[in-house]
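Q:
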Amino acid sequence: MLKLEARPQASRLWSYGSPLLALAITVLIGVALFAALGKDPVRGLQVFFWEPVKSPYALGELALKATPLLLVALGLAVCFRSNIWNIGAEGQFVIGAVAAGGIALLADKTTGPWIVPAILVAGVLGGMAWAGITALLRDRFNANEILVSLMLVYVATLLLGYLVYGPWKDPMGYNFPQTRMFERVTQMPKLFAGSRVTIGLPLALAGSALLWVFLFRTRAGFALQVGGLAPAAARYAGFSSRRALWAALLISGATAGLAGALEVAGPIGQLTPYVPAGYGFAAIIVAFVGRLHPVGMVFSALLMSMFYIGGELAQSRLGLPKSLTGVFQGLLLFTLLACDTLIAYRVRWVGARGGLR
Amino acid sequence: MESYALLLGSTLSAGTVLAIAALGLLINEKAGIVNLGAEGMMLCAAIAAFATVVHTGSFALGLLAGMAAGAALAALFGVLVIWFNTNQYATGLALSLFGVGFSAFVGIGYVQARLPDTPKFSWPLLGDLPVVGQALFRHHPLVYLTMVLVALMVWFLYRTRAGLVLRSVGESPESAHALGYPVRRIRLAAVMAGGALCGLAGAYVSTVYTPLWVEGMVAGRGWIALALTTFATWRPARVLLGAYLFGGVTMLQFHLQATGVQVASQLLSMLPYLATIVVLALISRNPAWIRANMPASLGKPFYPGS
Amino acid sequence: MNPTPHSAPAAPAAGEPPRLQLTGITKRYPAVVANDGVSLTVRPGEVHAVLGENGAGKSTLMKIIYGAVKPDAGQVLFDGRPVQVRNPQEARQLGIAMVFQHFSLFDTLTVAENVWLGQDKSVPLAEVERRIRATASEYGLDIDPLRPVHTLSVGEMQRVEIIRALLTAPRLLILDEPTSVLTPQAVDKLFVVLRKLAGEGCSILYISHKLHEIRALCTACTVMRGGKVTGVCDPSQESNASLSRMMIGAEPPQLAHRAQAPGEVVLRTRALSLPVADPFGVALIDVELAVRAGEVVGIAGVSGNGQKELLQALSGEDRRAEAAMVQLSGRNAGRLGPRRRRALGLHFVPEERLGRGAVPTMGLAHNLLLTRGDAVGAGGWLRMGRLREQARGIIERFQVKAGGPDAAAQSLSGGNLQKFIVGREIDAGPKLLIVAQPTWGVDVGAAAQIRGEILRLRDQGCAVLVLSEELDELFEICDRLHVLAKGRLSPSVPRAEATVARIGEWMSGLWHAEVQAHLGAGEVGHAQA
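Protein chains in written order, with my numbering: chain A, 1 to 357; chain B, 1001 to 1306; chain C, 2001 to 2529.
#1: Any C-beta of chain C within less than 7 Å: which residues of the stretch 2–24 of chain A qualify?
#2: Which two residues bound the contiguous alpha helix (DSSP H) that contains B:Gln1088?
#3: Comparing the C-beta of C:Gly2345 with each C-beta of chain A, is any distance below 9 Å?
#4: Might you give, ordered along the chain, the residues of its own chain that have their beta carbon closer than 7 Å to the beta carbon of A:Gln315, omitting 5 neighbours on each side?
#5: Is there a C-beta anywhere in chain A that falls below 9 Å from the one on B:Glu1002?
#6: Taking C-beta pairs closer than 8 Å, name the residues in chain C that B:Leu1164 reaches, listed in chain order.
#7: Out of curiosity, what's the CA-to-CA distance linking A:Leu331 and B:Trp1123?
#8: Closest to A:Gly296 by C-alpha separation, out of A:Ile103, A:Ala77, A:Phe48, would be which residue?
#9: Comparing alpha-carbon positions, which option in C:Gly2249, C:Pro2148, C:Ser2490, C:Val2111 lies nearest C:Ala2136?
#10: For the stretch 2284–2328 of chain C, which segments carrying the beta strand (DSSP E) assignment without a break, of at least 3 residues, lie completely within its bounds, in sequence order?
#11: On a CA-only basis, which of B:Gln1262, B:Ala1069, B:Ala1227 is nearest B:Val1034? Give me that one, please.
#12: Please report how far the alpha carbon of A:Leu191 lies from the alpha carbon of A:Ala206, in whole angstroms.
#13: Given a cut-off of 9 Å, decide if A:Gly75 and A:Ser252 are closer than it, judged by their beta-carbon atoms.
#14: Which residues in chain A have a C-beta closer than 7 Å to the C-beta of B:Pro1287? List them in chain order.
#15: To which residues of the same chain is C:Asp2318 closer than 8 Å at the C-beta, ignoring the five residues directly before and after it?
#16: Count Cβ pairs between the stretch 2436–2447 of chain C and the stretch 2371–2384 of chain C that sit closer than 8 Å; are there 3 or more?
#17: Along the beta strand (DSSP E) that carries C:Ile2096, what are the first and last residues, could you check?
#18: Below 8 Å between beta carbons is the criterion; list the residues of the stretch 1096–1129 of chain B that meet it against any residue of chain A, in chain order.
#19: What does a CB cutoff of less than 7 Å around C:Arg2092 pick up in its chain, not counting 5 residues either side in sequence?
#20: In the DSSP assignment, what residue or residues form a beta bridge with A:Thr218?
#21: Using 9 Å as the limit for Cβ to Cβ distance, is B:Glu1039 near chain C?
#22: Could you please give the first and the last residue of the uninterrupted alpha helix (DSSP H) stretch that includes A:Phe14?
#23: Return the chain-ordered ranges of every beta strand (DSSP E) run that is complete within the stretch 298–344 of chain A and spans a minimum of 3 residues.
#24: Taking A:Pro68 as the reference, which of A:His293, A:Phe328, A:Ala261, A:Thr272 has the closest Cα?
#25: Quick check on DSSP: helix, strand or coil for C:Gln2089?
#26: What residue ranges within the stretch 2357–2440 of chain C form continuous alpha helix (DSSP H) runs of no fewer than 4 residues, ordered along the chain?
#27: Would DSSP call C:Gln2119 helix, strand or coil?
#28: Using the C-alpha atoms, what's the distance from A:Leu62 back to A:Met306?
#29: To the nearest angstrom, report how far apart B:Thr1118 and B:Met1217 are at their CA atoms.
#30: Identify, in the order they occur along the chain, each residue of the same chain with its Cβ nearer than 6 Å to the Cβ of B:Gly1015, setting aside the five sequence neighbours on each side.
#31: Would A:Arg235 count as contacting chain C if we go by Cβ distances under 9 Å?
#32: What's the C-alpha gap between B:Gly1057 and B:Val1150?
#33: CB-CB under 7 Å to B:Ala1292, same chain, minus the five flanking residues each way: which ones, in chain order?
#34: Which residues of the stretch 1149–1161 of chain B have a Cβ closer than 7 Å to any Cβ of chain C? Give them in chain order.
#35: When the Cβ atoms of the stretch 2024–2043 of chain C are set against those of the stretch 2072–2092 of chain C, are three or more pairs found closer than 8 Å?
#36: May I ask you to list the residues that DSSP assigns as paired with A:Leu414?
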């Protein structure tokens, strides 16, 4: 019988190893799934893990998809490390997109390039405001942030729907629920010719570096983490839990809103009801698989975008449903949580007599 | 008058979905476990039930399939959270995310499918009463069984020794363990029972309430059910009341549209979610009240020690 | 269930097998051997002490007897027959009952429901209530079965535990450190109950590290150290010194106590009153306290009388007091948070170490950042090199056994972690040090070291306030003593004039009567120092 034994000190080996093991298990299950669906597993693996990285253009697409995931995950990492469960990043993303879209719609043919930073700032502020609602309700009323932030996702999505079906609908759009396409000047500047990668990528990477410094080299970051690890110790130390709450939620609202702005003024180019692509939820998985660590999350964002792109390719090339992506992502998180046990516990094989309840 | 009868009637059935799921979550939480995977369990149960009815034609089997799906997923969650001590919130979230994706995946082939007509139910005599009959006495048996379920739960939790043991496990698993109770097995049983009820709610949604399959059709009701248990301060009778209240708010949007209120449909659709937020804020305002009613070990990991 | 028979107390008949006999019990954990070949014999009707300092292996041994833990080797004989106790239910069926040091009670349930959960057979609740009343009156353990447990005092909660054990008609009753939550008078009452039980033929295993209690109550004693048995004796024939030698291998360490003239008032509270913050808490009422530089003031009292609330009001974690209610060196501090109070020279060592005094998964160096800002630069920048150096310094100066400055706090033993935390606060050069339960759960060597450091600090002119449940400790290091009872603070009494009996009475809140009597007789009452 297997028994779990607590380790005196968390295992560094397994801190790095656990996500890899989880990935391996997920891949194994994936292979089994392909076989069960009557598709060639090797081809399936190729579509998910080789195709997305095989050319510079493919890498650019990978980076493009990873950017919003990474940005949102950076903010979520701050929240989860403080034990504040912001599940509503999707809603903050949407409102960021809405705010950005609103500014973008103001542009006409004569607008200058100043509109680009204005769009980004609008996205950040929109996301922050939406997250701020959750913070306010938790601060003032002690309302559970999981449920509030999640309810706000539905509200945000409905708000977007209202705007694109109503006041912001493109009058020349044949009555489709969408705004008009934004002017060219609002588009995010691209980094390289021949690729769709925008300035979002360096922004995300810079954000990652900033997060590292914040978490590991500042007292504010330390205070936030103590608040999540041992709230009684944080009170003892005099770290304000209220400050931590607002900081965490506003930061994650800002990054989610920024991601929304980049998406809407980047690849999408207009507001449609399909703006909420589930990045807010996928970023939760990115955050955990990346161990809530700025460097880890870069890798897990790339991994998750591989799943996204792979899923699209699997649909077009192998005839597999796109929802496969969601299955793999969920599986990955599950297996990660199970494998994480190995960090705090050692597995021992004990004879039948040795166990207790 | 007719439309009010309709409103009341639809409130009862909408509320039933929430009530069954919330009662399942209540059992979980009484044992100290918070299962954020309600939405995922309900969706998987919904497709399981739908598929079962499509293939077998039996609604009863469909409901059972839903319960089984819910219990199975809950068991997976339970093992991770109870034996591996993974973080309850993260694991529940994982379950929800997985459930959303998995149900969409499995449900692809059923999007256009149609179910055989649900048999019509009506109480003899009472069902034929004007107005009141339509409002109260012509619902699916599950609506009435839910009320019985509430009574059963109250009896179980507060009048039996097994219920006391369950509550004590939620209050202090360490003490229960010290007294020799099999805390982990009790918690797993509670989690699976809760999962079965969430599954029943999901099955009801896809086979009776709106008999079709659409990706994500539970539309957040699993999350609202979670809010309900807090709103009801973990008491079954209050859960039922709260469920009907929320069901009513949800139905209100259709009623308002029918009476010609000039508000965009999306804004009206926000009502249940906004109502949840408002209610949560009001209820949580008094931390002392929460402390007195919430199972003390809720959400915290339990280590049986050496 | 048959109530314990009221037969005349009988001496164990010759030839009657021992009630409990353990031979060669061994239990190994990854980091330590908790029990190493332990043997123990308890006769029927005997009050048998198990003496040992913290970490000696007493708790593990009791858990083995009670069925909560399985031994790796060894045999257990009950009434002469070999038994395998696989879980607490089987232990109860054999007649083994346990009163835990940390209560296994459910706060929101009533006394009767709590006791019911401790019974195995399905007896209806009403019957359990009746039996509780019967047993309570028989043994003089006053308790109302219908009260919810969270409304009880800690001493009353222990009575519930005892009654729960008694209702199983035990033949062996194990008590784990029962007196840490009792006033001296309540301890006497407990001993009466135990002697009565023993007289009826029940054997008692009494776990403790308090020498004078064991010598007063017990007729047999097994001494443990480091997982092994180091001696078996009759404690009534032994002295404190000889028992101490068996327990720690040496005489109890003596502390040097120098007379000191106290200086300025560093901490003063003025009519400190706070309503309850938490439904299960205690309100503070008119607490008047003054601590001067160069003296150690102690506050005695059993937990649950407002210690937690007072400490939070003093440390700044609770800022509801009016500004003038707490004064540090003359400055109003009632509304200041912990960091501002630290800037004014107040340092605090809390009762809970892992989880409050230190973050379990973080290293010792990082844990310094909780209360020390020396290694923090401009804008909150952390200077890791300086931080680790600082941690190394504290580890060395206070002889903390740890794997280095990055060793996780949870990897240290209780005593070493406490040494680090106390060291961290002393190293800050405070003007006022507040310490709660300084040596609870700490081995004797570390305890002596910590107390020595406290005295050294006092000699250097720091003001020290100590809250402790251990009267012995307070008598050892304090210059003056107060008692905290039900949220009120007694006047202080100089150590030389404090006796256990008097302090014990004050723990029931009875100092008013005494002050009145003194005033009436023309003596000046011991009001504020």
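C-beta: ideal position from N, C-alpha, C; glycine also.
A: Taking the coordinates as given:
#1: Only Glu5, Pro8, Gln9, Ala10 from the stretch 2–24 of chain A bring a Cβ to less than 7 Å from some Cβ of chain C.
#2: By 1-based counting over the second sequence, the position of residue 1088 of chain B is 88. Boundaries of the alpha helix (DSSP H) harbouring B:Gln1088: 1088–1106, taken from the DSSP string.
#3: Here residue 2345 of chain C refers to the residue found at position 345 when the third sequence is read from its first residue. With respect to chain A, the C-beta atom of C:Gly2345 has no partner C-beta closer than 9 Å.
#4: Looking up residue 315 of chain A in the first sequence gives position 315. Cβ neighbours of A:Gln315 beyond the five flanking positions: Pro321, Lys322.
#5: Position 2 of the second sequence, counting from 1, holds the residue named residue 1002 of chain B. Output row for B:Glu1002: interface = no.
#6: Taking the first residue of the second sequence as 1, we reach residue 1164 of chain B at position 164. Under the 8 Å cutoff, chain C gives Leu2109, Glu2113, Trp2116, Leu2117.
#7: Counting from 1 along the first sequence, the entry for residue 331 of chain A is found at position 331. Counting from 1 along the second sequence, the entry for residue 1123 of chain B is found at position 123. Approximately 46 Å between the Cα atoms of the pair.
#8: Walking along the first sequence from the start, residue 296 of chain A turns up at place 296. Checking every option, the nearest Cα to that of A:Gly296 belongs to A:Ala77.
#9: If you number the third sequence from 1, residue 2136 of chain C lands on position 136. Closest by alpha carbon: C:Val2111.
#10: Whole beta strand (DSSP E) segments, 3+ residues: 2284–2292, 2296–2300, 2326–2328.
#11: For the purposes of this step, residue 1034 of chain B is identified with residue 34 of the second sequence, where counting begins at 1. The candidate whose alpha carbon is nearest that of B:Val1034 is B:Ala1227.
#12: As a first step, residue 191 of chain A is located in the first sequence; it is residue number 191 there, counting from the start. As a first step, residue 206 of chain A is located in the first sequence; it is residue number 206 there, counting from the start. Rounded to the nearest angstrom, the two C-alpha atoms are 15 Å apart.
#13: Locating residue 252 of chain A in the first sequence gives position 252, where the first residue counts as 1. Locating residue 75 of chain A in the first sequence gives position 75, where the first residue counts as 1. Yes, they are a contact pair.
#14: Locating residue 1287 of chain B in the second sequence gives position 287, where the first residue counts as 1. Going along chain A in sequence order, the residues near B:Pro1287 (Cβ under 7 Å) are Asn142.
#15: Counted from its first residue, the third sequence places residue 2318 of chain C at position 318. Here the set comprises Leu2274, Ala2277, Glu2309, Gln2312.
#16: With the cut-off at 8 Å, the stretch 2436–2447 of chain C and the stretch 2371–2384 of chain C do not touch.
#17: Residue numbering aside, residue 2096 of chain C sits at position 96 when the third sequence is read from its first letter. 2096–2099 is the extent of the beta strand (DSSP E) around C:Ile2096.
#18: Only those residues of the stretch 1096–1129 of chain B whose C-beta falls short of 8 Å from the nearest C-beta of chain A are listed: Leu1097, Phe1098, Gly1099, Val1100, Gly1101, Phe1102, Ala1104, Phe1105, Ile1108.
#19: Taking the third sequence and counting its residues from 1, the one referred to as residue 2092 of chain C is at position 92. These residues qualify, in order along the chain: Asp2120, Thr2168.
#20: Translated into the one-based positions of the first sequence, residue 218 of chain A becomes position 218. C:Trp2381.
#21: As a working note, residue 1039 of chain B is residue 39 in the second sequence. Output row for B:Glu1039: interface = no.
#22: If you number the first sequence from 1, residue 14 of chain A lands on position 14. Before going on, a small fix: residue 14 of chain A reads as Trp here, not Phe. Segment 12–36, the alpha helix (DSSP H) holding A:Trp14.
#23: Whole beta strand (DSSP E) segments, 3+ residues: zero.
#24: Locating residue 68 of chain A in the first sequence gives position 68, where the first residue counts as 1. Here the closest residue by C-alpha is A:Ala261.
#25: For the purposes of this step, residue 2089 of chain C is identified with residue 89 of the third sequence, where counting begins at 1. Judged by DSSP in its simplified three-state form, C:Gln2089 adopts helix.
#26: Counting whole runs of 4 or more residues, the stretch 2357–2440 of chain C contains the alpha helix (DSSP H) stretches 2364–2368, 2384–2397, 2414–2426.
#27: Stepping through the third sequence from its first residue, residue 2119 of chain C is reached at position 119. Note: C:Gln2119 maps to coil in three-state DSSP.
#28: Walking along the first sequence from the start, residue 306 of chain A turns up at place 306. Walking along the first sequence from the start, residue 62 of chain A turns up at place 62. Going by C-alpha positions, A:Met306 is about 7 Å away from A:Leu62.
#29: Here residue 1118 of chain B refers to the residue found at position 118 of the second sequence. Here residue 1217 of chain B refers to the residue found at position 217 of the second sequence. So the alpha carbons of these two residues sit roughly 19 Å apart.
#30: Against the second sequence, residue 1015 of chain B aligns to sequence position 15. Taken in chain order, the residues that qualify are Ala1243, Tyr1244, Gly1247.
#31: The sequence position of residue 235 of chain A within the first sequence is 235, counting from 1. Chain C contact via Cβ: present.
#32: Locating residue 1057 of chain B in the second sequence gives position 57, counting from the first residue. Locating residue 1150 of chain B in the second sequence gives position 150, counting from the first residue. Roughly 29 Å separates the two Cα atoms.
#33: Within the second sequence, numbered from 1, the residue matching residue 1292 of chain B stands at position 292. No residues qualify anywhere along the chain.
#34: Only Arg1161 from the stretch 1149–1161 of chain B bring a Cβ to less than 7 Å from some Cβ of chain C.
#35: Here the stretch 2024–2043 of chain C makes contact with the stretch 2072–2092 of chain C; the two share three or more CB pairs at distances below 8 Å.
#36: Nothing about residue 414 of chain A can be reported from this structure: the residues present for chain A run from 1 to 357 only.
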